[in-house]
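S.K.: Take this structure first; my questions come after.
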Amino acid sequence: MSEYRSSGLEYAANGDQARAIIQYRNALKIDPDDAETRAAIAQAFLAQGTIREAEQEFTLLSERFPDTLEFRSKLGEIALMRADWDALERQAEAADQIDAEALETQALRLAVRYRNARREGNRPRQNEISATAQALLEQRPAQPVLLRIAIENIATSDDPTAALPVLDAALAADPRSPELQLLRISLLADADQMDVAQDRLLDLARLYPDDPRIAGLLVARYMSRGRVDDAEAVLRALADGSPISDVSMRTMLVRFLKSTRGSDAALIELSRLIDEADDSPAAVIYAAMDRSIRFDMGDRDGAIEGLRRMLDDLGNAPETRIVQVLLARMHDRLGDRPAARILVNAALEMDPGEIEALKLRATWAIDEERPKDAIVDLRNALAQRPRDTELMTLLAAAHAQDGTRGLALEQLAAAAEVSGNAARESERYARALVTEGREFVATRVLDVAHSAAPGDIGVAVLLADLRMAQSDWAGVTNLLSSLRRIDDPEAISARATIEAALLLSQGREAGTVVDGMLSADPGRQVAFTRLISGLVARGDLDVARAQMDRATARRPGDVALRLLDGDLYAAEGDPIGAEDIYRALLDEPAAGDTPALRLFSLLAGQGRRDDADALLANALAAYPASRPLRLIESNRLDVIGETAGAIALLETLYAENASDPVVANNLATLLSAEGADPAQLERAARIVAPLQGNADPAVSDTIGWIAFQRGDATGALPLMRRAARGLPQDPQVQLRLGQVLVTLGETDEARLSFETVLTLAAEDHPVARAAQAKLQALGG
Numbered sequence: 168m169s170e171y172r173s174s175g176l177e178y179a180a181n182g183d184q185a186r187a188i189i190q191y192r193n194a195l196k197i198d199p200d201d202a203e204t205r206a207a208i209a210q211a212f213l214a215q216g217t218i219r220e221a222e223q224e225f226t227l228l229s230e231r232f233p234d235t236l237e238f239r240s241k242l243g244e245i246a247l248m249r250a251d252w253d254a255l256e257r258q259a260e261a262a263d264q265i266d267a268e269a270l271e272t273q274a275l276r277l278a279v280r281y282r283n284a285r286r287e288g289n290r291p292r293q294n295e296i297s298a299t300a301q302a303l304l305e306q307r308p309a310q311p312v313l314l315r316i317a318i319e320n321i322a323t324s325d326d327p328t329a330a331l332p333v334l335d336a337a338l339a340a341d342p343r344s345p346e347l348q349l350l351r352i353s354l355l356a357d358a359d360q361m362d363v364a365q366d367r368l369l370d371l372a373r374l375y376p377d378d379p380r381i382a383g384l385l386v387a388r389y390m391s392r393g394r395v396d397d398a399e400a401v402l403r404a405l406a407d408g409s410p411i412s413d414v415s416m417r418t419m420l421v422r423f424l425k426s427t428r429g430s431d432a433a434l435i436e437l438s439r440l441i442d443e444a445d446d447s448p449a450a451v452i453y454a455a456m457d458r459s460i461r462f463d464m465g466d467r468d469g470a471i472e473g474l475r476r477m478l479d480d481l482g483n484a485p486e487t488r489i490v491q492v493l494l495a496r497m498h499d500r501l502g503d504r505p506a507a508r509i510l511v512n513a514a515l516e517m518d519p520g521e522i523e524a525l526k527l528r529a530t531w532a533i534d535e536e537r538p539k540d541a542i543v544d545l546r547n548a549l550a551q552r553p554r555d556t557e558l559m560t561l562l563a564a565a566h567a568q569d570g571t572r573g574l575a576l577e578q579l580a581a582a583a584e585v586s587g588n589a590a591r592e593s594e595r596y597a598r599a600l601v602t603e604g605r606e607f608v609a610t611r612v613l614d615v616a617h618s619a620a621p622g623d624i625g626v627a628v629l630l631a632d633l634r635m636a637q638s639d640w641a642g643v644t645n646l647l648s649s650l651r652r653i654d655d656p657e658a659i660s661a662r663a664t665i666e667a668a669l670l671l672s673q674g675r676e677a678g679t680v681v682d683g684m685l686s687a688d689p690g691r692q693v694a695f696t697r698l699i700s701g702l703v704a705r706g707d708l709d710v711a712r713a714q715m716d717r718a719t720a721r722r723p724g725d726v727a728l729r730l731l732d733g734d735l736y737a738a739e740g741d742p743i744g745a746e747d748i749y750r751a752l753l754d755e756p757a758a759g760d761t762p763a764l765r766l767f768s769l770l771a772g773q774g775r776r777d778d779a780d781a782l783l784a785n786a787l788a789a790y791p792a793s794r795p796l797r798l799i800e801s802n803r804l805d806v807i808g809e810t811a812g813a814i815a816l817l818e819t820l821y822a823e824n825a826s827d828p829v830v831a832n833n834l835a836t837l838l839s840a841e842g843a844d845p846a847q848l849e850r851a852a853r854i855v856a857p858l859q860g861n862a863d864p865a866v867s868d869t870i871g872w873i874a875f876q877r878g879d880a881t882g883a884l885p886l887m888r889r890a891a892r893g894l895p896q897d898p899q900v901q902l903r904l905g906q907v908l909v910t911l912g913e914t915d916e917a918r919l920s921f922e923t924v925l926t927l928a929a930e931d932h933p934v935a936r937a938a939q940a941k942l943q944a945l946g947g
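Per my numbering, the sequence shown starts with residue 168, numbered consecutively.
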């Protein structure tokens, strides 16, 4: 046992936590109760970023050894990382009972006090607590809780680079910590020492080639500043510096090129890589990526045939599994999930731990509302790839679907943490927290993300929105300072909105800023629209109306402002005022079809169908090429029973743009109406297949109904249940759900669905008559 533990400690000291954990597990097989090994594996989990497992281990240890301060300290550290303030207070109190004078106990008490000061917006108190933490850090420069307090406080000050000496001292004590290195690099970049930061990031990327945070941070920093060429140069340097057999950095480069330069650029790079790889296994991976991109470009049959030929040639080679999963994804996107399942099952028979196959199977389980199955597969995948943020995000979705929102939030938190607080993961986590009513925690998450990527406008704007909602105008002022350093039209628009909101919140005149928004620059008009929308969202309708009236008085002929004025009247509950403005703009050429679209929505919402239809006819005569107007017309034709005309119009719209999800779903819905022949159903399935996984209940209804009519009632049921939950007032959806339930023998539930239809539709409506007939057939 001691040999396994010693080997694990050696791996951990070199930063290889994954191998360390394997060795610790071997030791625990011999003696499951060994406390030293348990503590070592818990620390390895914590260093690796698998927070939940670390917490479980430290919890077990604290229960067995309640007087051991180390375990309480680690649980407090985890609580701080997860922003679980109740848990932090509990651990601080427990530590106080063990040894009130210990450094770990003092650190936890300071963390609780700092959090309270942050919540109260008491900056002097925060500075005082941070100074105490920095003084204690002299005793132990890398103490994680103290370091977090000091760095967070300094990073949100006017001079974030003042944290560099604190970090340098911590790195002297723990030089191999990638987290500390990444934070130091962020601060160097903020101090306009980008060359130094880039060199250090490149060094770290070579030292930790499997850590996605490092390359991701490099690319994110450049992309947030619009420096695409520099981002590409970084990825090329990392790819060229990796062994020829290592495909990870090279495939990352290809994906980057596809997203920034387009598919053709990615194919050119793949061609070069295929030639460079010669007959090695890497060439197979690059060739499979080539087929995948060509599939996305529209060559679906050619891409599928190419992958099939590759499978024939590969036999049982390890690369077979990769090609099988890619081919499965293609079949799934074309609506042939049974064929996709066969391929995934084959890949998992070769290797039950094939990560991409597990990921795809878990995605299907979520789509089919089998969250527990998804959780099993995703946990198996994460055990092999614990820093995969996509796996973490999927696991969060599965937990949310399973009703365990706390676990879902934990996974999103872990994704943000593991990604080095990358912007998108942090933004996703923050939005989830907001839906839970945890705005203060969301603000903290975004604070860290903003510190890591100060040039990311999306994070800055969301953080500003939260701070404005909390009336944290000092925090808003700090964000404005960051945005002023970004020379980008989107940043200019964002900061104009925030500046105006800041002035208005203080009861000050915002005329100069608002006038700037209304200049000829369209981006500034977008800023004014965002300002009005934000005021409406916060319930400040009086302030919004005052600014709107002021703007229209200064620019009475501005069409965009007049449209916005109509929208504001509608938001204020004044449909007459909104209608007057929209009608006045109908003959304004500069307004295009927008006034007609807004007015149609207003009239239809009031139940004035004749007025709405007359408006639609006139608008189509004026703007016959308008896609939105033609889409509304197709809906009208369907409602009045002219299905052939509706399909013809949708076919035209689909031919113009096959990627329009609304058009694709509507066309597939009409093609798959009850009684459709097999050819129609097959075409409908292909049209709607790219929308698989879409959260729109109307899409679930379409895909589920097509599956049912093609004989897959079992696969249709979870989709139809989701559609019925999302569209509870749609009698057609309830009727279809009932029919699926009858086929599966769920007669009691089917009867409830048919009875629901009768409460939603008039007695003489065809849907109601169909439901009544189904009930009679069931004997009720």
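All residues carry an ideal CB built from backbone N, CA and C; glycine is no exception.
Starting from the Cα of MET920, find the closest Cα among GLU930, GLN906, PRO933 and GLN491 and give me that residue.
M.R.: Along the sequence shown, one-based indexing puts residue 920 at 753. According to the sequence shown, residue 920 is Ser rather than Met. Nearest option by C-alpha distance: GLN906.
S.K.: For ASN824, which of ASN802, GLU809 and ARG794 has the nearest alpha-carbon?
M.R.: Against the sequence shown, residue 824 aligns to sequence position 657. Looking at the Cα atoms, ARG794 is the closest of the given residues.
S.K.: Using CA atoms only, rank isn't needed, just tell me which of GLU295, HIS932 and GLU922 is closest to GLY946.
M.R.: Counting from 1 along the sequence shown, the entry for residue 946 is found at position 779. When only C-alpha atoms are compared, the closest one is GLU922.
S.K.: By Cβ distance below 6 Å, which residues in the same chain neighbour VAL909 in space, the five residues on each side in sequence not counted?
M.R.: Here residue 909 refers to the residue found at position 742 when the sequence shown is read from its first residue. Taken in chain order, the residues that qualify are ALA917.
S.K.: Is ALA336 near LEU304, with beta carbons less than 8 Å apart?
M.R.: On the sequence shown, position 169 is the one that residue 336 refers to. On the sequence shown, position 137 is the one that residue 304 refers to. Yes; because the gap between Cβ atoms is below 8 Å, this pair is in contact.
S.K.: What are the boundary residues of the alpha helix (DSSP H) that GLY946 is part of?
M.R.: As a working note, residue 946 is residue 779 in the sequence shown. First-last for GLY946: undefined, no H or E at that position.
S.K.: Since ASP614 and LEU630 are thought to touch, with beta carbons under 8 Å apart, how far apart are those beta carbons, to the nearest angstrom?
M.R.: Position 447 of the sequence shown, counted from the first residue, corresponds to residue 614. Position 463 of the sequence shown, counted from the first residue, corresponds to residue 630. Sure, about 7 Å apart at Cβ, within 8 Å.
S.K.: Do the stretch 513 to 520 and the stretch 831 to 850 meet, that is, are 3 or more Cβ pairs less than 8 Å apart?
M.R.: Because the criterion of three Cβ pairs below 8 Å is not met, the stretch 513 to 520 and the stretch 831 to 850 do not touch.
S.K.: Spatial neighbours of HIS932 within its chain, please: CB distance less than 8 Å, with the 5 preceding and 5 following residues excluded, ordered by chain position.
M.R.: Position 765 of the sequence shown, counting from 1, holds the residue named residue 932. The residues are PRO898.
S.K.: Here's a check: name, in chain order, each residue in its chain whose Cβ is nearer than 7 Å to the Cβ of LEU728, leaving out the five neighbours to either side.
M.R.: What you label residue 728 is simply residue 561 of the sequence shown in a count that begins at 1. ALA718, THR719 and ARG722.
S.K.: So, with DSSP's three-state summary, where would you put HIS566?
M.R.: In the sequence shown, counting from the first residue as 1, residue 566 sits at position 399. If DSSP states are grouped into helix, strand and coil, HIS566 belongs with the helices.
S.K.: Closest to PRO448 by CA distance: which of PRO762, ASN289, MET477 and LEU858 is it?
M.R.: Counting from 1 along the sequence shown, the entry for residue 448 is found at position 281. The shortest C-alpha separation from PRO448 is found at MET477.
S.K.: Rounding to the nearest angstrom, what Cα-Cα distance links ALA433 and ARG403 in this structure?
M.R.: Locating residue 433 in the sequence shown gives position 266, where the first residue counts as 1. Locating residue 403 in the sequence shown gives position 236, where the first residue counts as 1. So the alpha carbons of these two residues sit roughly 13 Å apart.
S.K.: Excluding the 5 residues flanking ARG290 on each side, which residues of the same chain have their C-beta closer than 6 Å to its C-beta?
M.R.: Sequence index remark: in the sequence shown, residue 290 carries index 123 (1-based). So the list is empty, once near-sequence residues are dropped.
S.K.: Is it buried or exposed, ARG118, if we count other Cβ atoms within 10 angstroms and call 16 or more buried?
M.R.: Past the boundaries of the shown model lies residue 118; the chain is included only from 168 to 947, so the question cannot be answered.
S.K.: DSSP on TYR821, reduced to helix/strand/coil?
M.R.: What you label residue 821 is simply residue 654 of the sequence shown in a count that begins at 1. Of the three classes helix, strand and coil, the one that applies to TYR821 here is helix, per DSSP.
S.K.: Using beta-carbon positions only, say whether THR810 and LEU837 come within less than 8 Å of one another.
M.R.: Your numbering for residue 810 matches position 643 in the sequence shown. Your numbering for residue 837 matches position 670 in the sequence shown. For THR810 and LEU837, yes; Cβs fall inside 8 Å.
S.K.: Rounding to the nearest angstrom, what Cα-Cα distance links GLU657 and ASP266 in this structure?
M.R.: By one-based count along the sequence shown, residue 657 stands at place 490. By one-based count along the sequence shown, residue 266 stands at place 99. Roughly 53 Å separates the two Cα atoms.
S.K.: Compute the Euclidean distance between the alpha carbons of SER174 and LEU195, then round it to the nearest angstrom.
M.R.: As a working mapping, residue 174 is identified with position 7 in the sequence shown. As a working mapping, residue 195 is identified with position 28 in the sequence shown. Between SER174 and LEU195, the C-alpha separation is close to 13 Å.
S.K.: Can you check the stretch 477 to 530 for any alpha helix (DSSP H) of at least 4 residues that lies completely inside it and give the ranges in chain order?
M.R.: Listed in chain order, they are 486 to 500 and 504 to 517.
S.K.: Look at the alpha carbon of GLN578 and the alpha carbon of LEU545, and state the distance between them as a whole number of angstroms.
M.R.: Taking the first residue of the sequence shown as position 1, residue 578 is located at position 411. Taking the first residue of the sequence shown as position 1, residue 545 is located at position 378. Rounded to the nearest angstrom, the two C-alpha atoms are 11 Å apart.
S.K.: DSSP on GLY706, reduced to helix/strand/coil?
M.R.: Numbered from 1 along the sequence shown, position 539 holds the residue referred to as residue 706. Note: GLY706 maps to coil in three-state DSSP.
S.K.: Is the stretch 449 to 461 touching the stretch 482 to 492 in the sense that three or more CB pairs, one from each, lie closer than 8 Å?
M.R.: Touching, yes, given that three or more Cβ pairs across the two stretches are closer than 8 Å.
S.K.: Measure from the alpha carbon of VAL726 to the alpha carbon of each residue in LEU752, VAL703, GLN184 and LEU549, then state which is nearest.
M.R.: Locating residue 726 in the sequence shown gives position 559, where the first residue counts as 1. Among LEU752, VAL703, GLN184 and LEU549, the Cα nearest to that of VAL726 is on LEU752.
S.K.: Distance, Cα to Cα, THR204 vs GLU244?
M.R.: Counting from 1 along the sequence shown, the entry for residue 204 is found at position 37. Counting from 1 along the sequence shown, the entry for residue 244 is found at position 77. For THR204 and GLU244, the distance between alpha carbons rounds to 20 Å.
S.K.: Helix or strand or just coil, what does DSSP make of GLY642?
M.R.: Residue numbering aside, residue 642 sits at position 475 when the sequence shown is read from its first letter. It is helical.
S.K.: Under three-state DSSP, which class holds PRO828?
M.R.: What you label residue 828 is simply residue 661 of the sequence shown in a count that begins at 1. Reduced to three states, the DSSP call for PRO828 is helix.
S.K.: Rounded to a whole number of angstroms, what is the C-alpha to C-alpha distance between ASP468 and VAL414?
M.R.: Your numbering for residue 468 matches position 301 in the sequence shown. Your numbering for residue 414 matches position 247 in the sequence shown. One C-alpha to the other measures close to 26 Å.
S.K.: Would you mind sorting LYS425 into buried or exposed? The rule is 16 or more other CB atoms within 10 Å of its CB.
M.R.: Here the question's residue 425 lines up with position 258 in the sequence shown. So LYS425 counts as buried.
S.K.: Report all residues from its chain with a CB closer than 7 Å to the CB of LEU527; omit the five preceding and five following residues, and keep chain order.
M.R.: Along the sequence shown, read from residue 1 onward, the residue named residue 527 stands at position 360. Excluding residues within five positions, the ones whose Cβ falls inside 7 Å are VAL492, ALA495, ARG496 and VAL511.
S.K.: Mark GLY724 as exposed unless 16 or more other C-beta atoms lie within 10 angstroms of its C-beta, in which case mark it buried.
M.R.: As a first step, residue 724 must be located in the sequence shown, where it is residue number 557. Exposed.
S.K.: Under 8 Å, do GLY548 and ALA541 count as touching if we go by C-beta distance?
M.R.: Counting from one through the sequence shown, the residue named residue 548 turns up at place 381. Counting from one through the sequence shown, the residue named residue 541 turns up at place 374. A small fix is needed here, since residue 548 is Ala in this sequence, not Gly. In this structure, ALA541 does not lie closer than 8 Å to ALA548 by Cβ.
S.K.: Using the three-state DSSP reduction, which class does PRO656 fall into: helix, strand or coil?
M.R.: On the sequence shown, position 489 is the one that residue 656 refers to. Correct three-state label for PRO656: helix.
S.K.: Since SER768 is in the alpha helix (DSSP H), which residue starts that stretch and which ends it?
M.R.: Here residue 768 refers to the residue found at position 601 of the sequence shown. Counting along the chain, the alpha helix (DSSP H) containing SER768 begins and ends at 761 to 772.
S.K.: Does DSSP classify HIS617 as helix, strand or coil?
M.R.: Numbered from its first residue, the sequence shown carries residue 617 at position 450. Of the three classes helix, strand and coil, the one that applies to HIS617 here is helix, per DSSP.
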